[in-house]
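Here is the structure we will look at.
Numbering (my numbering), first residue to last: 8 to 351.
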């Protein structure tokens with residue numbers, strides 16, 4: 008073979024190689040980041056891999072606006088506000104029934120530890136939009152007659168109170184559901200790799216731009232170190248939510264600190280050695296609800312709950328008898344944590 012012919016072959020091979028690399032780079036999915044606020048001032052972050060680099064901010068904002076129109080207690084004419092005020096609501100949007108059905112499932116699985124009818128108590132203890140009453144046992148007892156998911160009848164068309172005065176508040180599950188709504192919509196657009204985060208709750212599908220499972224941090228459960236990371240996990244096609252009493256609490260006149268987690272069986276805020284509960288579930292709505300339930304149940308009962316359901320995993324941070332911080336990881340999370348500089 009003469010030199011000119013070899014040179015031409017080498018040139019063709021080189022050009023084909025360059026073309027192949029260019030084509031690969033052009034067709035490789037690009038990471039798109041969409042950010043905004045919802046539910047008032049709560050930030051959201053959505054990342055997804057998309058060859059077309061489509062920006063779905065307008066569609067995501069529209070979805071979340073519709074969602075709030077169903078379940079925000081701060082919108083006077085929302086479906087939940089209508090229910091709380093009038094005692095009945097006919098569903099116009101596809102969210103209210105789903106969250107009621109999920110609430111019923113978790114309520115039964117946790118022996119009532121998760122209950123969205125604690126709305127009047129949330130208000131009474133100063134964590135909602137009602138009047139703060141403080142530790143007045145007689146008023147707390149009077150409000151307990153309105154607590155219980157069995158005081159609501161519903162199907163996929165409507166919900167109605169069987170006891171006047173019952174009030175729903177989905178703050179312990181709504182962020183998770185909103186995340187699922189956005190995630191499900193992204194899936195309908197053909198996206199297989201995405202991460203949706205609203206106010207610290209997360210759902211992830213597929214892998215990130217590096218080809219690894221999405222890495223999600225677990226916050227230090229300390230009001231003096233808000234934003235610091237205690238640990239991190241790889242999220243493998245799951246929803247993840249963390250509940251803790253270190254962010255939202257109230258100091259009473261006598262100096263006692265009370266948490267926003269209300270025990271539905273007593274009507275009183277729950278303060279205990281369990282500092283935070285991170286739950287992983289098939290979707291974020293369930294993760295959100297179960298994380299809240301764990302804060303009511305405490306460490307031992309939470310462990311028993313998670314171990315009884317193979318679809319759930321948990322990462323618990325608690326204080327031992329000496330006041331030292333300890334952790335518990337369910338079996339499915341062993342070996343999947345990623346220590347951060349903050350946790351070392």
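Backbone N, C-alpha and C define an ideal beta-carbon position, used for all residues, glycine too.
From the DSSP output, which residues share a beta bridge with residue 212?
Answer by DSSP bridge pairing, in chain order: 201.
Name the two residues that bound the continuous beta strand (DSSP E) containing residue 126.
No beta strand (DSSP E) holds residue 126; the alpha helix (DSSP H) holding it covers 126-131.
In the DSSP assignment, find the beta strand (DSSP E) that holds residue 247 and state where it starts and stops.
Residue 247 -> beta strand (DSSP E) spans 246-251.
Would you tell me roughly how many angstroms separate the C-alpha atoms of residue 41 and residue 74, rounded to the nearest one?
One C-alpha to the other measures close to 18 Å.
According to the Cβ coordinates, are residue 268 and residue 303 closer than 8 Å?
Cβ atoms of residue 268 and residue 303: closer than 8 Å.
Near residue 163, which residues of its chain fall below 6 Å by C-beta distance, leaving aside the five closest residues on each side in sequence?
104.
Below 8 Å CB to CB, which residues in the same chain sit around residue 62 once its five sequence neighbours on both sides are set aside?
Same-chain partners within the cutoff: 39 and 41.
Return the residue from the list 152, 106 and 145 that minimises the CA-CA distance to residue 125.
The shortest Cα separation from residue 125 among 152, 106 and 145 belongs to 152.
Residue 355 to residue 60, Cα distance in whole Å?
Since the displayed the chain opens at 8 and closes at 351, residue 355 lies outside it and no answer follows.
Measuring only the C-alpha atoms, how far is residue 127 from residue 79?
Cα to Cα, residue 127 sits roughly 15 Å from residue 79.
What residue range does the alpha helix (DSSP H) around residue 114 cover?
Taken as a continuous stretch (DSSP letters only), the alpha helix (DSSP H) holding residue 114 covers 103-116.
Please work out which residues of its chain come closer than 6 Å, Cβ to Cβ, to residue 246, disregarding the five sequence neighbours upstream and downstream, and give them in chain order.
These residues qualify, in order along the chain: 210, 288, 290, 291 and 294.
Specify the secondary structure class of residue 349 as computed by DSSP and reduced to three states.
Bear in mind that a pLDDT of 46 at residue 349, under 50, signals an unreliable position, so the model cannot answer this.
On a CA-only basis, which of 83, 182, 277 and 111 is nearest residue 160? Give me that one, please.
Here the closest residue by C-alpha is 111.
Rounded to whole angstroms, what's the CA-CA distance from residue 88 to residue 188? Just pull it up for me.
In a straight line, the C-alpha of residue 88 is about 21 Å away from that of residue 188.
Give me whichever residues DSSP pairs with residue 326 in a beta bridge.
Beta-bridge pairing links residue 326 to 332.
Between which two residues does the beta strand (DSSP E) carrying residue 52 extend?
49-57 is the extent of the beta strand (DSSP E) around residue 52.
Alpha carbon to alpha carbon, what distance is there between residue 143 and residue 324?
Distance between the alpha carbons of residue 324 and residue 143 is about 31 Å.
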